[in-house]
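Q:
Residue numbers (the working numbering), protein chains in the order written: chain A, 1 to 365; chain B, 1001 to 1365; chain C, 2001 to 2365; chain D, 3001 to 3365.
So, in structure tokens, the structure goes:
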């Protein structure tokens, strides 16, 4: 049960290592009849790729996607859509130093414990480059969802301890790309940027919280009892490198509320059942209520830092020290936004198909 | 893809409603040759069942388990183990009132939106009685893990805003059953109990945080990239009713740390690689490091409260009010501890089999 | 990946051993809103149960089904439907003799090789009693399919070398239950019955071929490339004990035809595309054409025979002889008909859901 | 649940169309530490590719494989192995004629019924070029199995009505590649070749039977009750285009035998349990006995023939005629041999992992 497959009916299989020949994805389960083009995919990859700003690794990758199958005359055919991005700027020699000295906070040691061998160049399979496949697959999921009125928006809610103020869905959508930190509260964004720069100057890194909001989900989506919509969202976001926590709606705050504060009162609005508040985050009993789905992922600071760190030499069995070179982002959340959106979109598209809201066979009826 | 199955190689399928004839589970994937008895299962169910203390619903259920298959001469045979518990004290009439008026914070409305019909008696399938199957299955997972030196311990870390002090694994194991709140810090437990009682008296309820710790996991367990050990733990715990958040190790605190604070330095100890701290919570890159796995679930306050609440009448389409009767716990975390342990044990047993640490065929070799 | 689960969206999990306490099934994926009753299930179980005629084992089992969950006010609720049948007439002592001497043609040896332990009483899990769960699950699948105009009919096409003449779907449906051999060609049925009796008198057994026909399948059902409708049907039927072969349409005869004979010419009929012949058996490229699906399973003679047979003693490691006592059918196909129908119905129901022809959420829209 | 994934623990996902940019496969579940090279894959692809002899389509494809991931320093790393072959000689214009006139015996009509759109060039996804991914994945499965002493051999047992004599495993291995028909009985091979040529000259095609034999399988492999080894083999072979039947061991002949003839007597041989005959084909109760696994697939004649055939015009709704041009094999079985071997190897590798005979994590221990 190798774990490189995500989703049941809308299913992606990602492959590739940081310094291998390419990274890619096979997307299975896109219904026939969805119009799409390479540009739709590229747009999302461009948001993810390195070198966009001073906040991201200077690794030079154009990340130009190639679509190899599953499309005919500008439309999905219902067969698997295979996409890849060639690895270009792979400076492997920088990584020889880490062959036997696992980097703290990275997967180096646990991969060795598991496999007995690993492609250590750039983190190999555990590199964030793996998320290219997710973003490409997520781009198709977003397109599909959009046809059914569902939109996914992500933004950086907190970075290095600086928290954004509350924002509406439309404000997030409008502002998120205006600053390199992808915080839609532009004032907070300024402070976040300062904090990130100062951490970088100190050879250190910072973490943050990414929030994902989904608007337009019909009530009644999700599968009790294990494949709850929220359980699947949790798995989706926790599977992104560096994520250490997940919460839905009131989240951890819910632990401190009374029932009378937490419960969202139902009410009628324009003939439809809705709620006066959304502490539930749009999901009750694992099934959507029709309100916005609101969830958050806690992201740890980039483990690659310029400071010397204690580690061990796996060959000699001695304690030793490591100073990480290579190219790294001082903070992960800004670039994680499109990845988080992709994972959320994948879960939603999967459940829309599983629950029969979207015909899995074809859109051409 | 109905979602009543959990796990790949160690797999449970739960079934049953609160006021149906019985609730149960089929456990598939227990290797042949595991000695077990009904008492091993019953012990865990007794921790979960209602009526244990003033903190749990007075519903009278003995929850006596029956083992119907998969056992021969006191040992698992490798075939599915079917277990059930008959529902006894099912006072359905108490629930007629909620047929058309969804209870805030409950799954009533979302189930109706999804299915167009629901067994509304006692919450039907969305009742916490569904977790009986999880606990029965988890009991077998725990037995299996114990043979490989792996132990799972849960406790209430926080309740109604009262937080326990830091405790060692052995302290948790020793103290957790000493108080009805299942908090191993006995002083904090007293305060939690007070808070719970006072909430109950006020016709209200409180939430909390349950912590789960796993000791004895070998390094190298888990499947990158989607079926990470932490992603699967997140899904497992988020699938428990009332859980609104999940975190691993430093969790949401990680978002506020610097890389130099968050990273756990590697070091050698008695010839083995380990870490000087455990902010990672025992998992890096989705794979275990060999340190304790530490994770937490945020639990919302019991949605059933005695206060009048606003809701709607699904038949007339009018706003209305509801006062919930029936029998309910003023707080969920204490009874959730065995459920959380079960879910964690299920994930670990599944991955031990998936990763080849346990022979899936038979233990008799 | 224990293999006791069948189906993706319409999914059954069977459990139980021949001489355990009960055998049963959990059916997951029945959409909400399907009216059904215990009688619908019982009717199919009655066709399968032993003691119906001189052709079946005299084991006395009433096989009365209990429905434990998933039903409310006479309708499916979309939650798992758990059903069981208690084992009554379990004369285990008859089986002590086979504890260490595997019966030729049975699973005794291979189970021991796999598990190192087995419930040898009555064949344990490998007993045909396991198929009770399949038939109960299949009864629900049939009900669901019937609402969409799809009917499944099975009959014994060949028994002990006697072959029935070609029959129409309606003839099969009308005649199949008129004789204990379940051959709809009543003349051939007579001869089959003679052959079976004579084999029984000679302490021997005979095999045969069961044919399954499905009428009313819409064109466009099935999933290329691996989960083809025919590949899934093959797996379904090959998973029934004693089945040694599967064929679709012209089947093995296709190997001897020319392309110009084999190809079914397309033509228009009442405004719909159809074919002038049906060598394809209703499936092309793994996807249904809308014509009848016609497939066949080759069934070996009952392995339990009264004649002395050579075997080994697993304890001493010596060659030895065995004479099988216990109670057995002289031929399997007649009782296999309802099992075959069940498996075919399960595949069809699963694919109807997977392909979006049936709304997986609810029928109440 | 799009069906482009095969296997549970050793899992392939194939993608690509006949006239798209490329066809390929992602292989997930190869344990770390398996040495392999591009040449190992290419060797099998060369057996499958067109243009090898007068019996195969003259389409010019070199089918040179590229390995894009999952390999490091000549060894598998446990991460997904992505491979592709570029499509070169794609003469699409030849296929314009079939856009609206489905070819009898092909998937054209059923794909249109399902998807409402299809890439009709060269059959699109339903083309035999899809099997390139299977063969590439199967090459890795074979390599893995070989390390555990398991060998898979296929050959053409019957072609156009000409049947080969019985042959030993070693004879098959030695002779199969000596003639373009891949029949190891070289005399019969001559006659088969004649029959194929004469069919071709008559603008017609012939079918046949491919036999697959597996030697070296340990006893105890397979999963009762649904995921039986034979049920999975049936699905694997029935999923290959043009296969209409499957049988194991005595197969359809078993339907005509008596129990006393069919049952394979057990006996001891060099301290191991074995059987005096192998009518079972190496599998009892879905689990291997340790004897050779012997199964056969019935292959229909190539549906593309030069003769005029009746069909319909999907646009006008009229009956019409079609004469197929393009490039086609007059018979499929010879080129199907490597595909059949691949599918069998995939099933075996999957079950060796599932049953714990191979450590799924790593071979480096």
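For glycine and all other residues, C-beta sits at the position ideal for the given N, C-alpha and C. A quick note: this is a predicted structure, and the numbers were derived from the prediction, not measured.
Whole angstroms are fine: how far does the CA of residue 78/A sit from the CA of residue 44/A?
A: To locate residue 44/A, count along the first chain from 1; it is residue 44. To locate residue 78/A, count along the first chain from 1; it is residue 78. One C-alpha to the other measures close to 22 Å.
Q: Could you tell me which uninterrupted beta strand (DSSP E) segments, each at least 3 residues in length, are contained entirely in the stretch 2107-2135 of chain C, listed from first to last along the chain?
A: none
Q: Just reading off the alpha helix (DSSP H) that residue 3044/D is part of, what are its end residues?
A: Translated into the one-based positions of the fourth chain, residue 3044/D becomes position 44. 3038-3048 is the extent of the alpha helix (DSSP H) around residue 3044/D.
Q: Counting along the chain, where does the beta strand (DSSP E) carrying residue 2318/C start and finish?
A: In the third chain, residue 2318/C corresponds to position 318, counting from 1. Its beta strand (DSSP E) spans residues 2318-2322.
Q: For residue 2063/C, which residues from the same chain have a beta carbon less than 6 Å from its beta carbon, with the 5 sequence-adjacent residues on both sides left out?
A: Translated into the one-based positions of the third chain, residue 2063/C becomes position 63. Excluding residues within five positions, the ones whose Cβ falls inside 6 Å are 2045, 2049, 2085.
Q: In chain order, what residues of the same chain lie with their CB nearer than 6 Å to the CB of residue 2100/C, ignoring the 5 residues before and after it?
A: Here residue 2100/C corresponds to residue number 100 of the third chain, with the count starting at 1. Same-chain partners within the cutoff: 2313, 2314, 2315.
Q: For the candidate residues 324/A, 267/A, 240/A, 136/A, whose alpha-carbon lies nearest to that of residue 398/A?
A: It is not possible to answer for residue 398/A, since the shown part of chain A is limited to 1 through 365.
Q: Which two residues bound the contiguous alpha helix (DSSP H) that contains residue 2261/C?
A: Here residue 2261/C refers to the residue found at position 261 of the third chain. 2259-2262 is the span of the alpha helix (DSSP H), which, as asked, contains residue 2261/C.
Q: I'd like to know whether the C-beta atoms of residue 3213/D and residue 3150/D end up nearer to each other than 8 Å.
A: Here residue 3213/D refers to the residue found at position 213 when the fourth chain is read from its first residue. Here residue 3150/D refers to the residue found at position 150 when the fourth chain is read from its first residue. In this structure, residue 3150/D does not lie closer than 8 Å to residue 3213/D by Cβ.
Q: For the stretch 2297-2320 of chain C, which residues have a beta carbon sitting closer than 8 Å to at least one beta carbon of chain D?
A: Answer in chain order: 2298, 2299, 2300, 2301, 2302, 2303, 2304, 2305, 2307, 2309, 2310, 2311, 2312, 2314, 2317, 2318, 2319.
Q: Measure from the alpha carbon of residue 240/A to the alpha carbon of each residue in 285/A, 299/A, 321/A, 225/A, then state which is nearest.
A: On the first chain, residue 240/A is found 240 positions in, with the first residue counted as 1. Of the candidates 285/A, 299/A, 321/A, 225/A, the one whose C-alpha sits nearest the C-alpha of residue 240/A is 299/A.
Q: Could you name the residues of chain C that residue 1036/B contacts, counting a contact when the two beta carbons are closer than 9 Å?
A: As a first step, residue 1036/B is located in the second chain; it is residue number 36 there, counting from the start. Per Cβ cutoff of 9 Å: no residues; residue 1036/B is ~13 Å from chain C at best.
Q: Apart from the five residues just before and just after residue 1286/B, which ones in its own chain have a Cβ nearer than 8 Å to its Cβ?
A: Position 286 of the second chain, counted from the start, is the residue given in the question as residue 1286/B. 1222, 1223, 1224, 1225, 1227, 1228, 1229, 1230, 1231.
Q: Just curious, the alpha helix (DSSP H) that residue 2335/C is in, first and last residue?
A: Here residue 2335/C corresponds to residue number 335 of the third chain, with the count starting at 1. In the DSSP assignment, residue 2335/C falls within the alpha helix (DSSP H) that extends over 2333-2354.
Q: Applying the 10 Å Cβ sphere with the 16-neighbour rule, what's the burial state of residue 2308/C?
A: As a position in the third chain, residue 2308/C is number 308, starting the count at 1. By the 10 Å Cβ count, residue 2308/C comes out exposed.
Q: When you compare the CB of residue 1238/B with every CB in chain A, is at least one pair closer than 8 Å?
A: Along the second chain, one-based indexing puts residue 1238/B at 238. Chain A, which has a Cβ nearer than 8 Å to the Cβ of residue 1238/B, makes this yes.
Q: Any C-beta of chain G sitting closer than 8 Å to the C-beta of residue 3132/D?
A: In the displayed structure, chain G is absent; the protein chains listed are A, B, C and D.
Q: Have a look at residue 175/A and residue 345/A and give me their C-alpha separation to the nearest angstrom.
A: Numbered from its first residue, the first chain carries residue 175/A at position 175. Numbered from its first residue, the first chain carries residue 345/A at position 345. Looking at the two C-alpha atoms, the distance is approximately 20 Å.
Q: Closest to residue 292/A by CA distance: which of 179/A, 258/A, 234/A, 168/A is it?
A: Residue mapping note: residue 292/A aligns to position 292 of the first chain, counting from 1. Of the listed residues, the one whose Cα sits closest to residue 292/A is 168/A.
Q: Going along chain A, which residues have a C-beta under 7 Å from residue 1014/B?
A: As a first step, residue 1014/B is located in the second chain; it is residue number 14 there, counting from the start. The answer, in chain order, is 225.
Q: For the structure I just gave you, are there three or more beta carbon pairs, one from the stretch 246-266 of chain A and one from the stretch 328-347 of chain A, closer than 8 Å?
A: In short, these stretches do not touch, since the Cβ pair count stays below three.
Q: If you reduce the DSSP assignment to three classes, tell me which class residue 198/A lands in.
A: Residue numbering aside, residue 198/A sits at position 198 when the first chain is read from its first letter. Helix.
Q: Just the chain C side, please: which residues come within less than 9 Å of residue 3267/D by C-beta, in chain order?
A: Numbered from 1 along the fourth chain, position 267 holds the residue referred to as residue 3267/D. Residues of chain C passing the Cβ test: 2310, 2311, 2312, 2319.
Q: Taking the alpha-carbon of residue 152/A as reference, which of 279/A, 295/A, 263/A has the nearest alpha-carbon?
A: Translated into the one-based positions of the first chain, residue 152/A becomes position 152. That would be 295/A, whose Cα lies nearest to the Cα of residue 152/A.
Q: Could you give the uninterrupted runs of the alpha helix (DSSP H) lying entirely in the stretch 1190-1250 of chain B, keeping only those of 4 residues or more?
A: 1229-1238
Q: Should residue 2096/C be labelled buried (16 or more other beta-carbon atoms within 10 Å of its own) or exposed?
A: As a position in the third chain, residue 2096/C is number 96, starting the count at 1. Counting Cβ neighbours within 10 Å, residue 2096/C comes out exposed, since fewer than 16 surround it.
Q: Return the CA-CA distance between residue 2072/C and residue 1102/B, expressed in angstroms with no decimal places.
A: Residue mapping note: residue 2072/C aligns to position 72 of the third chain, counting from 1. Residue mapping note: residue 1102/B aligns to position 102 of the second chain, counting from 1. Taking the straight line from one Cα to the other gives about 18 Å.
Q: Quick check: the Cα distance between residue 1234/B and residue 269/A, rounded to an integer number of angstroms?
A: As a working mapping, residue 1234/B is identified with position 234 in the second chain. As a working mapping, residue 269/A is identified with position 269 in the first chain. Roughly 34 Å between the two C-alpha positions.
Q: Can you look up residue 1137/B in the DSSP assignment and give me helix, strand or coil?
A: Taking the first residue of the second chain as position 1, residue 1137/B is located at position 137. Of the three classes helix, strand and coil, the one that applies to residue 1137/B here is helix, per DSSP.
Q: At a CB-CB cut-off below 9 Å, which residues of chain A make contact with residue 1158/B?
A: Translated into the one-based positions of the second chain, residue 1158/B becomes position 158. The answer, in chain order, is 255, 256.
Q: By the criterion of Cβ-Cβ separation under 7 Å, what are the contact partners of residue 2329/C in chain D?
A: Locating residue 2329/C in the third chain gives position 329, counting from the first residue. Neighbours of residue 2329/C on chain D: none; closest Cβ ~11 Å, over 7 Å.
Q: For residue 21/A, which residues in the same chain have their Cβ closer than 8 Å to its Cβ, ignoring the five residues on either side in sequence?
A: Here residue 21/A is taken as the residue at index 21 of the first chain, counted from 1. Sequence-distant partners of residue 21/A (beyond 5 residues in either direction) whose C-beta falls short of 8 Å from its own C-beta, in its chain, are 86, 87.
Q: Can you name the start and end residues of the alpha helix (DSSP H) that residue 1173/B belongs to?
A: Here residue 1173/B corresponds to residue number 173 of the second chain, with the count starting at 1. From DSSP, the alpha helix (DSSP H) with residue 1173/B extends over 1169-1175.
Q: From the DSSP output, which residues share a beta bridge with residue 2272/C?
A: By one-based count along the third chain, residue 2272/C stands at place 272. Note: residue 2272/C sits in a beta bridge opposite 2269/C.
Q: When burial is assigned at 16 or more other CB atoms within 10 Å of the CB, is residue 3061/D buried or exposed?
A: As a first step, residue 3061/D must be located in the fourth chain, where it is residue number 61. Buried, because 16 or more other Cβ atoms sit within 10 Å of the Cβ of residue 3061/D.
Q: Measuring only the C-alpha atoms, how far is residue 2278/C from residue 1364/B?
A: Residue 2278/C sits at position 278 when you count from the first residue of the third chain. Residue 1364/B sits at position 364 when you count from the first residue of the second chain. For residue 2278/C and residue 1364/B, the distance between alpha carbons rounds to 52 Å.
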